[in-house]
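The letter at position 60 of the sequence shown is residue 63 when you use the numbering used here, and the numbering goes up by one with no holes.
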Amino acid sequence: MEFCSKCGSVFVEKNKNFVCSRCGYVLKSKIKIESSEKIKKKLEIGIIKDRDTDVFPVINAICPKCKYGEAYFWTSQTRAGDEAETKFFRCTKCRHTWREYH
């Protein structure tokens with residue numbers, strides 16, 4: 004990038020000549036414009052599988068499908084705000100999911 008020696012502004016190209024954008028001074032020599040950029044290699048993005056995301060507490064609950072005695076649980080508001088939450092369970096062995104209303 005070249006700057007005008009008279010006013011310090013940047014030269015722009017007009018009709019194959021380089022002209023100061025502020026004062027109109029025409030540069031007698033050619034300008035070699037170069038640009039470079041260093042690109043860093045991005046790290047690969049890890050993929051999280053569904054089975055790796057179970058961070059729910061484990062409780063004693065009998066799975067209705069395989070009769071195993073442990074399950075993850077979480078609650079969610081599935082009905083109106085003035086009604087009780089719904090408890091969801093997921094078996095730690097067969098991953099069967101069921102719910103319990105109160």
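Think of the CB as a built atom: it goes at the ideal place given N, C-alpha and C, for glycine as much as any other residue.
- Message: Check this for me: beta carbons of R102 and A74, under 9 angstroms apart or not?
- Response: Taking the first residue of the sequence shown as position 1, residue 102 is located at position 99. Taking the first residue of the sequence shown as position 1, residue 74 is located at position 71. No, these two residues do not count as a Cβ contact at 9 angstroms.
- Could you check the C-alpha separation between N20 and C7 for me, to the nearest Å? Taking the sequence shown and counting its residues from 1, one reaches residue 20 at position 17. Taking the sequence shown and counting its residues from 1, one reaches residue 7 at position 4. N20 and C7: Cα-Cα distance of roughly 13 angstroms.
- Message: the ligand SAH and W101: does the residue's C-beta get closer than 8 angstroms to at least one heavy atom of that ligand?
- Response: In the structure on display, the ligand SAH does not appear, and there are no ligands present to speak of.
- Query: Just the Cα atoms here: how many angstroms apart are R25 and V13?
  - Reply: Your numbering for residue 25 matches position 22 in the sequence shown. Your numbering for residue 13 matches position 10 in the sequence shown. Those two C-alpha atoms are separated by around 8 angstroms.
- Task: Hey, could you find the ends of the beta strand (DSSP E) Y75 is sitting in?
- Result: Along the sequence shown, one-based indexing puts residue 75 at 72. Here the beta strand (DSSP E) through Y75 covers 73-79.
- Query: On the premise that L30 lies in contact with E47, defined as a C-beta separation below 8 angstroms, what is that separation, rounded to the nearest angstrom?
  - Reply: Position 44 of the sequence shown, counted from the start, is the residue given in the question as residue 47. Position 27 of the sequence shown, counted from the start, is the residue given in the question as residue 30. A Cβ-Cβ distance of about 47 angstroms is found for the pair E47 and L30, leaving them out of contact under the 8 angstroms criterion.
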